[in-house]
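Numbering (this note's numbering), first residue to last: 1 to 39. Note that the Cβ used here is the ideal one computed from N, Cα and C, for glycine as well. These numbers were taken from a predicted model, which means no experiment stands behind them.
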């Protein structure tokens, strides 16, 4: 398999984080939006 794209790497990291914290896609999106507002 060739080099993974940036999108592929980000997707893999996101999926790993979701599994680690046990959150759904919707919850993850909400946390992300909150984090953007805080930064």
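Could you tell me the distance, in whole angstroms, from the CA atom of residue 39 to the CA atom of residue 33? Taking the Cα positions, residue 39 is about 10 Å away from residue 33.
Since residue 28 and residue 18 are thought to touch, with beta carbons under 8 Å apart, how far apart are those beta carbons, to the nearest angstrom? Right, their Cβ atoms sit about 5 Å apart.
Rounded straight-line distance, which links the Cα of residue 3 to that of residue 36: Distance from the CA atom of residue 36 to the CA atom of residue 3, rounded to whole angstroms, is 30 Å.
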